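S.K.: Position 1, counted from 1, in the sequence shown is what this note's numbering calls 9; the numbers after and before it change by one each time, with no gaps. Even glycine gets a Cβ: it sits at the ideal position worked out from N, Cα and C. Please read all numbers here as calculations on a predicted model, not as lab measurements.
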Amino acid sequence: MQGPPIIGTAVLSPIMLIGQAPGSKEIHLHRPFAWTAGKTLFSWFAGIGLEEERFRSRVYMAAVCRCYPGKQPRGGDRVPAPEEIANCSNWLETELTLLRPQLIIPVGRLAISRFLAFRKLTEVIGDLHQHQVQGRSTDLLPLPHPSGASTWHRTEPGRSLLAQALQRLATHPAWRKVCAEKFEPKATG
Numbered sequence: 009m010q011g012p013p014i015i016g017t018a019v020l021s022p023i024m025l026i027g028q029a030p031g032s033k034e035i036h037l038h039r040p041f042a043w044t045a046g047k048t049l050f051s052w053f054a055g056i057g058l059e060e061e062r063f064r065s066r067v068y069m070a071a072v073c074r075c076y077p078g079k080q081p082r083g084g085d086r087v088p089a090p091e092e093i094a095n096c097s098n099w100l101e102t103e104l105t106l107l108r109p110q111l112i113i114p115v116g117r118l119a120i121s122r123f124l125a126f127r128k129l130t131e132v133i134g135d136l137h138q139h140q141v142q143g144r145s146t147d148l149l150p151l152p153h154p155s156g157a158s159t160w161h162r163t164e165p166g167r168s169l170l171a172q173a174l175q176r177l178a179t180h181p182a183w184r185k186v187c188a189e190k191f192e193p194k195a196t197g
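(1) CB-CB under 8 Å to Val5, same chain, minus the five flanking residues each way: which ones, in chain order?
(2) Which first and last residues belong to the beta strand (DSSP E) in which Ser97 is found?
(3) For Asp147, list the residues DSSP reports as bridge partners.
(4) Grouping DSSP H, G and I as helix and E and B as strand, with all else coil, what is Gln28?
(5) On the CB-based measure, 16 or more other CB atoms within 10 Å of its CB, does Pro181 come out buried or exposed?
(6) Locate the beta strand (DSSP E) running through Ala18, then write down its first and last residues.
(7) By the DSSP assignment, the alpha helix (DSSP H) with Ala157 in it spans what residues?
(8) Could you check whether Glu34 and Phe50 sit closer than 8 Å to each other, using their CB atoms as the reference points?
(9) Cutting at 7 Å between CB atoms, please list the residues of its own chain near Pro90, excluding the five before and the five after it.
(10) Measure the C-alpha to C-alpha separation of Gly46 and Asp147 and round it to an integer number of angstroms.
(11) Hey, quick one: how far does the alpha helix (DSSP H) through Ala182 stretch, first residue to last?
(12) Reducing DSSP to helix, strand and coil, say where Gln80 ends up.
(13) Are Ala29 and Tyr76 touching if we call contact CB-CB under 8 Å?
(14) For Ala71, report the span of its beta strand (DSSP E) as first-last.
(15) Could you please give me the residues that DSSP links to Gln10 through a beta bridge?
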């Protein structure tokens, strides 16, 4: 894994977005989802009322792993190994304890599998899931990874399931709360 660790803005928010790990561009730009996948992700959120800068200032962004895992031998970013995930798990567990989010948005297969057992994305994308997170019920709304390398969210049934997930997100009370003009998250530090 290559540092430095990357985290989002430290805000108290009822929503926590959890990605897989930063990419090579995020390491240089020092913010999560700062490149191609981020452009796609933030276009999804802008379509339901929250453009990128407001999202970044109102939603806590975390990741399963905080450092860049490096490239795969055949190209693309390497998926963090189980021992790397275990080494970073204390960060995520502590954030979940401190923030106690009402809604968790896991983005991509690795982040989703941190909370839900599944074989295919079609089993989990598009639905709101109740999950016990540290002894309390929390809503989970999984999204596919917005990577340019993936066609899942651009082809059927992924496109329709993504639209369904975004519609559910747009109507969730925590999302409506962070979209409200009067919402002012507090800094955690």
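M.R.: Straight from the coordinates:
(1) Given that the chain is displayed from residue 9 to residue 197, the structure contains no residue 5 and the question cannot be resolved.
(2) Numbered from 1 along the sequence shown, position 89 holds the residue referred to as residue 97. Per DSSP, Ser97 belongs to no beta strand (DSSP E); it is in the alpha helix (DSSP H), 90 to 107.
(3) Numbered from its first residue, the sequence shown carries residue 147 at position 139. According to DSSP, residue pairing for Asp147 in a beta bridge involves Leu111, Gln138.
(4) For the purposes of this step, residue 28 is taken as residue 20 along the sequence shown, with counting starting at 1. Coil, per DSSP.
(5) Here residue 181 corresponds to residue number 173 of the sequence shown, with the count starting at 1. Looking at its Cβ environment, which holds fewer than 16 other Cβ atoms inside 10 Å, Pro181 is exposed.
(6) Translated into the one-based positions of the sequence shown, residue 18 becomes position 10. That residue, Ala18, is in no beta strand (DSSP E); it is neither H nor E in DSSP.
(7) Locating residue 157 in the sequence shown gives position 149, counting from the first residue. Here Ala157 belongs to no alpha helix (DSSP H), and DSSP marks it neither H nor E.
(8) Reading the sequence shown from its first residue, position 42 is the one you call residue 50. Reading the sequence shown from its first residue, position 26 is the one you call residue 34. No, Cβ-Cβ distance for Phe50 and Glu34 is not below 8 Å.
(9) Position 82 of the sequence shown, counting from 1, holds the residue named residue 90. Answer for Pro90: no residue qualifies.
(10) Translated into the one-based positions of the sequence shown, residue 46 becomes position 38. Translated into the one-based positions of the sequence shown, residue 147 becomes position 139. About 23 Å.
(11) Within the sequence shown, numbered from 1, the residue matching residue 182 stands at position 174. Here the alpha helix (DSSP H) through Ala182 covers 181 to 187.
(12) In the sequence shown, counting from the first residue as 1, residue 80 sits at position 72. Assigned with DSSP and collapsed to three states, Gln80 falls in coil, not helix or strand.
(13) Counting from one through the sequence shown, the residue named residue 29 turns up at place 21. Counting from one through the sequence shown, the residue named residue 76 turns up at place 68. Yes; because the gap between Cβ atoms is below 8 Å, this pair is in contact.
(14) Locating residue 71 in the sequence shown gives position 63, where the first residue counts as 1. 68 to 71 is the span of the beta strand (DSSP E), which, as asked, contains Ala71.
(15) Sequence index remark: in the sequence shown, residue 10 carries index 2 (1-based). Paired residues: Tyr76.
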